[in-house]
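Working notes, beginning with the structure itself.
Protein chains: 2
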Amino acid sequence: MLQEAWDLLVERGLADLSLSELGRRLETSAGHLSYYFGSKNGLLLELLRWSEDELIGQLEVVLASQQPAEERLRQLCVLFFPRHPGDPRWLLWVELWPRVMHEPSLREAQRELDTVWRDALADLLAELTDGDVEPLAQRMLALLDGLSVALLTDQPGLTPEKAWEHVRALLPVR
Amino acid sequence: MLQEAWDLLVERGLADLSLSELGRRLETSAGHLSYYFGSKNGLLLELLRWSEDELIGQLEVVLASQQPAEERLRQLCVLFFPRHPGDPRWLLWVELWPRVMHEPSLREAQRELDTVWRDALADLLAELTDGDVEPLAQRMLALLDGLSVALLTDQPGLTPEKAWEHVRALLPVR
DNA sequence: CTCACATTTGAATGCCTTTCAAAACACTGG
DNA sequence: CCAGTGTTTTGAAAGGCATTCAAATGTGAG
């Protein structure tokens, strides 16, 4: 079900991802989907969780690898950044942001997923720096968000490589 | 007209900002608004431009002031950041991001407004650092975006003051 | 005054989400 | 095997939305 929704999102974009259209594809009714997901936001949130879970699995592999900490950080960035302009995962994030204020379930999900990434960053940074790691992790996550939006919207003059350079620039010189 | 739309946005939020509702308030028809703004996105874009123009006026005052460069940078941040969680200007930005990929007019506006801020940053940074200022300005703008989203969505543990500290941390030690 | 052009209206279209009653289904204790 | 209870699923209905369109109204130049 989520797979079909994901395919729809990839093929036709956010605008065409409706409960009605999804119902048509799955040969069920929009009413049922509304019942099942609670609401359209529910669907979007489930989708986001679903794709994020996948990614977090990959993140754990990266973190557990024997590479140098800086290389693991680089790979974290590769996972975090949109893979290309219009990447569906980031489309979902950006779609949900304006609704976070009014929907407690979204708030919670955002906080939860943010924490995963921030903790991972903090662990890596603990290996790479001496000082207090929490503020640096917060700063770096904000930078990652900003860079991701720029990559998502295909900002001219920004490539994933350059984005990685920007992240590296936050690391203290050793 | 934009003023009324803005008020509506402030009072009732993004969800209730519709051409129909605006038509009711202005005692005109939704059809006319659609004709006038071209589309709903047209309205959102005009609104964003409108509020951004206001801000850019204030930015120019700040930039021209006699304060030290770092203080002018701080004031730029104050202007740039959302004034409070749910700040309408940032709601508009975030609402428009997912649509930037498909609407050339949005792309252009985004590029244009980004450039204003990035140039302002570059000018200030030229006073504060020696090296190549362009990449640093790009990096700082991405950080400002990320921090703004965090402030917009009321991320716990982040205040405007802390956000400013994060920005300052990008400045090279002198 | 007229004609061409722009604006405004209000209704129609076709979408959407959500709700709801009724039907179908699944399961449990007898 | 059956009855009864609770959950899913359906299909239609309600209500709202942006957009389109033909008709009506305004407007300004020659």
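Going down the list, the sequences are from chains Y and G.
Position 168 of the first sequence, counting from 1, maps to 1118 under my numbering, and the rest follow consecutively.
Position 113 of the second sequence, counting from 1, maps to 1063 under my numbering, and the rest follow consecutively.
Heads up, the beta-carbon is just placed ideally off N, CA and C, and yes, glycines get one too.
Predicted model only: the values in this text are computed from it and were never measured.
Query                                                                                                                          : Result
Segment contact flag, the segment 956-968 of chain Y with the segment 1027-1043 of chain Y, C-beta cutoff 8 Å, min 3 pairs     : yes
CB contact flag (Y:A1019, Y:L1078, <8 Å)                                                                                       : yes
Within 8 Å of chain Y by C-beta, residues of the segment 1045-1062 of chain G in sequence order                                : E1045, W1047, P1048, V1050, M1051, H1052, R1057, Q1060 and R1061
CB-CB length for G:W1047 against Y:T1103, believed under 8 Å                                                                   : 6 Å
8 Å Cβ cutoff, Y:H1116 in contact with chain G                                                                                 : yes
Given 8 Å, three or more beta-carbon pairs between the segment 1028-1035 of chain Y and the segment 986-993 of chain Y         : no
Within 8 Å of chain Y by C-beta, residues of the segment 1012-1041 of chain G in sequence order                                : P1035, G1036 and L1041
Inter-stretch contact at 8 Å, needing at least 3 Cβ pairs: the segment 1078-1097 of chain G / the segment 1089-1103 of chain Y : yes
Neighbour-count burial assignment, G:L967, 16 or more Cβ in a 10 Å radius                                                      : buried
Alpha-carbon spacing of Y:A1076 relative to Y:A1070, whole angstroms                                                           : 10 Å
Other residues of its chain near Y:Q953: CB distance less than 7 Å, five sequence neighbours each side excluded                : none
Under 8 Å between C-beta atoms of Y:G963 and G:H1052                                                                           : yes
Proximal residues of chain G, C-beta to C-beta of Y:R1089 below 8 Å                                                            : L1093, H1116 and A1119
Beta-carbon proximity list for Y:R1049, same chain, < 8 Å, skipping 5 on both sides                                            : N991 and L1056
Where G:A965 falls, given that 16 or more other Cβ within 10 Å makes a residue buried                                          : exposed
Chain G within 8 Å of Y:V960, Cβ atoms only                                                                                    : no
Within the segment 1011-1041 of chain Y, ranges of the beta strand (DSSP E) (whole runs, at least 3 residues)                  : none
Three-state class that DSSP yields for Y:P1048 in the structure shown                                                          : helix
Contact belief for Y:Q1088 with Y:R1068 at Cβ below 8 Å, rounded distance in angstroms                                         : 7 Å
Other residues of its chain near G:P1122: CB distance less than 6 Å, five sequence neighbours each side excluded               : T1079
Given G:T1065 as reference, the closest of Y:P1085, Y:L1086, Y:E1045 and Y:P1106 once Cα atoms are compared                    : Y:P1106
Residues near G:L998 in its chain [Cβ-Cβ closer than 6 Å; skip 5 each side]                                                    : L1042
Chain-order list of residues whose beta-carbon lies under 7 Å from that of G:R1024 (same chain, five-residue window excluded)  : W1114
Through-space distance from G:C1027 to G:P1085, alpha-carbon basis                                                             : 18 Å
G:V1083 at chain Y interface by Cβ criterion, 8 Å                                                                              : no
Under 8 Å between C-beta atoms of G:L1029 and G:V1012                                                                          : yes
Min CB distance G:T1065 to chain Y below 8 Å                                                                                   : no
C-beta contact flag for Y:M951 and Y:L976 at 8 Å                                                                               : yes
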